[in-house]
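If you're matching them up, the sequences are chains P and A in order.
If you use the working numbering, the first sequence closes out at 260, no skipped numbers anywhere.
If you use the working numbering, the second sequence closes out at 216, no skipped numbers anywhere.
All residues carry an ideal CB built from backbone N, CA and C; glycine is no exception.
Written out below as structure tokens is the structure these notes cover.
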Amino acid sequence: MRSFSNTYIFVFSLIMVTIVAVLLSFVATQLKPLQEMNVQIEKKQDVLRSVGKAEDAAEAEDKNTYINEEFAKYITESYVVDFDGNLMEQEDAFEVMLGLTAEIRLPREERNYPVFIYSENGGPKKYVIPVRGKGLWGPIWGYVALEEDLNTISGAVFDHKGETPGLGSDINQDWFQEPFAGKTIFNEAGEFVGVEVVKGGADPSSMHQVDAIAGGTITSKALEEMIIDCMTGYVAHFKELANN
Amino acid sequence: MSTEKEPLFSPKNLKLLSEPLGKSNPITIQVLGICSALAVTVKLKPSIVLALSVVVVMAVSNVAISLLRKMVPPRIRIIVQLVVIATMVILVDQVLKAYAYDVSKQLSVFVGLIITNCIIMGRLEAFALANKPWPAFLDGLGNAAGYGFILILVAFFRELFGSGTLLDMQVIPQAFYEAGYVNNGMMILPPMALVVVGIIIWVQRARNKDLIED
Chain P
17 MRSFSNTYIF VFSLIMVTIV AVLLSFVATQ LKPLQEMNVQ IEKKQDVLRS VGKAEDAAEA
77 EDKNTYINEE FAKYITESYV VDFDGNLMEQ EDAFEVMLGL TAEIRLPREE RNYPVFIYSE
137 NGGPKKYVIP VRGKGLWGPI WGYVALEEDL NTISGAVFDH KGETPGLGSD INQDWFQEPF
197 AGKTIFNEAG EFVGVEVVKG GADPSSMHQV DAIAGGTITS KALEEMIIDC MTGYVAHFKE
257 LANN
Chain A
3 MSTEKEPLFS PKNLKLLSEP LGKSNPITIQ VLGICSALAV TVKLKPSIVL ALSVVVVMAV
63 SNVAISLLRK MVPPRIRIIV QLVVIATMVI LVDQVLKAYA YDVSKQLSVF VGLIITNCII
123 MGRLEAFALA NKPWPAFLDG LGNAAGYGFI LILVAFFREL FGSGTLLDMQ VIPQAFYEAG
183 YVNNGMMILP PMALVVVGII IWVQRARNKD LIED
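Structure representation (structure tokens):
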């Protein structure tokens with residue numbers, strides 16, 4: 017084999033990394049708008065799914081347009097509140113939601129709380145609350161839709177980045193999410209309790225319990241924790257809305 | 003070498019393509035790339051996408067290294083190989099994120115882990131550095147296909163027995179469950195992937211006496 021001088025090796029490496037760097041940054045900048053669009057569409061779709069809309073997304077000819085149209089049609093209002101329930105007028109709910117994963121590291125009192133209001137043809141409102149948390153292996157997130165009484169859950173969707181396949185990953189399955197509908201997040205005394213995810217089976221008569229995933233206990237508990245952590249901050253706002 | 007007139011699909015070249023599928027399979031014979039074979043084979047769909055991604059990365063990296071083979075200083079060849087593989091993997095990952103977002107979400111970290119797939123570096127080091135681009139391309143294609151084939155085979159059994167589904171569609175009839183059939187939860191866990199690979203190796207060696215050592 018030929019031998020190469022140190023200078024050659026140095027120049028070769030320099031040229032190689034330059035070419036690679038230029039190529040990768042070019043591709044990354046070119047594809048970035050598409051990728052960001054995908055993320056936004058996914059979030060809009062999740063919000064819609066929590067209120068039982070956008071089921072036809074898989075069949076839609078142009079998924080992005082379809083989701084954007086549905087979102088504009090059904091999500092009639094959105095705003096941001098702080099921990100004490102004050103309206104944060106300068107904040108955009110969608111922008112806040114995009115950065116929510118970073119926000120949950122702050123103390124609850126300092127976070128922003130986005131709210132999305134769903135309404136079909138001026139009918140009853142539903143309040144969609146985005147939630148974010150940490151699972152066993154990575155982030156988990158979800159969207160909880162509340163009925164107009166701000167207590168009964170009308171639907172919930174959850175998803176995850178990398179929970180154990182077939183175990184914790186099942187939080188994004190219908191059989192796990194459907195039991196959330198009809199549960200209440202406040203107890204009879206009006207205290208916020210969230211939804212308990214019970215290992216070994218929920219008490220069917222309980223209004224605050226759903227089944228955990230067998231073999232996915234840590235993810236299930238993380239999800240319970242996430243709901244409490246992210247929804248506690250809305251309590252002040254909900255109480256205010258209920259009093260008006 | 004008198005390869006001037008060698009046809010593109012000469013028996014020698016075809017062998018490069020077919021051998022990795024059978025008697026020099028990277029997973030069952032060379033026992034390379036086991037790590038990802040254990041990790042992603044719980045479900046069929048991610049396995050198929052990962053297999054395709056590996057085919058792309060491997061074929062292109064093999065050709066790239068083969069084209070550069072006379073220029074690469076031997077002392078830094080491993081680094082050069084890594085840079086080529088990493089570049090390809092990042093490109094595949096970015097393209098998946100932009101055009102097949104749902105699938106890329108399912109695969110999550112595993113696309114990035116193609117970089118550490120021993121088969122790719124093994125082939126670059128053992129074959130592409132010493133051969134012309136066309137044979138290197140076939141070798142890459144063959145080995146990636148051999149890898150992908152085993153991946154899909156393992157995923158098939160694991161999804162079937164572990165979840166009772168194939169490509170997320172229910173295949174084991176509901177009546178079975180009502181009669182007391184239960185999905186094998188063990189199948190979902192990585193150790194069972196190793197057992198399935200072991201069974202495949204056993205079957206293959208039992209059928210092909212050449213492969214039996216000693």
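Determine the extent of the alpha helix (DSSP H) in which residue i is found, giving its start and end residues.
i: Glu-127(A); result: 120 to 128
i: Ala-157(A); result: 135 to 165
i: Ala-76(P); result: Note, Ala-76(P): premise wrong, no alpha helix (DSSP H); not H, not E.
Taking the CB atoms as reference points, tell me whether residue i and residue j lie closer together than 8 Å.
i: Val-211(P); j: Asp-227(P); result: no
i: Ile-120(P); j: Arg-148(P); result: yes
i: Ile-190(A); j: Pro-49(P); result: no
i: Ile-31(A); j: Val-199(A); result: no
i: Leu-34(A); j: Leu-143(A); result: no
i: Pro-22(A); j: Asn-186(A); result: no
i: Ser-38(A); j: Asn-119(A); result: yes
i: Ile-122(A); j: Val-58(A); result: no
i: Leu-140(A); j: Arg-71(A); result: no
i: Leu-257(P); j: Leu-183(P); result: no
i: Thr-92(P); j: Ile-133(P); result: yes
What residue from the options has the CA that sits closest to residue i's CA?
i: Val-131(P); options: Phe-20(P), Glu-107(P), Gln-56(P); result: Glu-107(P)
i: Val-160(P); options: Gly-184(P), Lys-59(P), Ala-252(P), Ile-229(P); result: Lys-59(P)
i: Gly-216(P); options: Ala-230(P), Pro-181(P), Phe-208(P), Glu-207(P); result: Ala-230(P)
i: Phe-192(P); options: Val-147(P), Gly-154(P), Val-173(P); result: Val-173(P)
i: Val-63(P); options: Gly-151(P), Lys-89(P), Leu-103(P), Pro-181(P); result: Lys-89(P)
i: Glu-207(P); options: Thr-233(P), Gln-61(P), His-224(P), Ile-91(P); result: His-224(P)
i: Val-55(P); options: Met-189(A), Lys-17(A), Ala-102(A); result: Ala-102(A)
i: Ile-145(P); options: Ile-83(P), Asn-137(P), Asn-128(P); result: Asn-128(P)
i: Val-94(A); options: Val-82(A), Pro-75(A), Ile-116(A), Met-73(A); result: Ile-116(A)
i: Gly-178(P); options: Gln-108(A), Ser-38(A), Pro-48(A); result: Gln-108(A)
i: Ser-106(A); options: Met-171(A), Ser-55(A), Ile-121(A), Pro-28(A); result: Ser-55(A)
i: Thr-235(P); options: Ser-185(P), Ser-21(P), Asn-167(P), Asn-260(P); result: Ser-185(P)
i: Ser-221(P); options: Leu-40(P), Gly-198(P), Gln-51(P), Leu-239(P); result: Gly-198(P)
i: Leu-10(A); options: Gly-148(A), Ala-138(A), Ala-100(A), Asn-64(A); result: Ala-138(A)
i: Val-42(A); options: Asn-27(A), Gly-114(A), Val-97(A); result: Gly-114(A)
i: Ile-35(P); options: Val-184(A), Met-171(A), Val-85(A); result: Val-85(A)
i: Met-53(P); options: Ser-66(P), Asn-84(P), Val-33(P); result: Asn-84(P)
i: Gly-150(A); options: Glu-180(A), Pro-28(A), Lys-17(A), Leu-16(A); result: Pro-28(A)
i: Leu-239(P); options: Thr-23(P), His-253(P), Phe-196(P), Glu-71(P); result: Phe-196(P)
Within its chain, find whatever has a CB closer than 6 Å to the CB of residue i; leave out the 5 residues flanking it on each side and keep chain order.
i: Leu-155(A); result: none
i: Lys-14(A); result: none
i: Glu-164(P); result: Pro-140, Lys-141
i: Val-82(A); result: Val-74
Does any residue of chain P bring its CB to less than 8 Å from the CB of residue i?
i: Lys-45(A); result: yes
i: Ile-87(A); result: no
i: Ile-36(A); result: no
i: Ala-100(A); result: yes
i: Arg-79(A); result: no
i: Gly-148(A); result: no
i: Ser-4(A); result: Per-residue confidence for Ser-4(A) stands at a pLDDT of 45, beneath the threshold of 50, marking its modelled position as unreliable; no derived number is given.
i: Pro-137(A); result: no
Against chain A, with Cβ distances strictly below 8 Å, would residue i count as a contact?
i: Gly-216(P); result: no
i: Gly-178(P); result: yes
i: Ile-83(P); result: no
i: Ile-156(P); result: no
i: Asn-80(P); result: no
i: Phe-192(P); result: no
i: Pro-140(P); result: no
i: Glu-207(P); result: no
i: Pro-181(P); result: yes
Using a Cβ-Cβ cutoff of less than 7 Å, which residues in the same chain neighbour residue i once the five nearest sequence positions on both sides are dropped?
i: Val-62(A); result: Met-90
i: Glu-125(P); result: Phe-99
i: Ile-244(P); result: Gly-210
i: Ser-4(A); result: Model confidence at Ser-4(A) stands at a pLDDT of 45, short of 50, so the residue's coordinates are unreliable; what they give is reported in the following sentence. Same-chain partners within the cutoff: there are none.
i: Ala-218(P); result: Gln-225, Val-226, Asp-227
i: Lys-69(P); result: Glu-86, Tyr-90
Starting from residue i, trace the beta strand (DSSP E) both ways and give me its first and last residue.
i: Gln-225(P); result: 225 to 227
i: Ala-161(P); result: 155 to 162
i: Ser-94(P); result: 91 to 97
i: Val-173(P); result: 169 to 176
i: Glu-21(A); result: Per DSSP, Glu-21(A) belongs to no beta strand (DSSP E) and is neither H nor E.
Under 8 Å Cβ to Cβ from residue i, same chain only, skipping five residues before and after it: list those, please.
i: Ile-214(A); result: Arg-207
i: Lys-25(A); result: Ile-31, Asn-210, Asp-212, Leu-213
i: Leu-168(A); result: Leu-46, Phe-158, Glu-161, Leu-162
i: Pro-155(P); result: Thr-117, Arg-148, Gly-149, His-176, Lys-177
i: Leu-114(P); result: Val-55, Gln-56, Lys-59
i: Val-173(A); result: Leu-162, Gly-166, Thr-167
Please report whether the beta-carbon of residue i lies at a distance below 8 Å from any beta-carbon of chain C.
i: Tyr-24(P); result: The structure shown contains no chain C; its protein chains are P and A.
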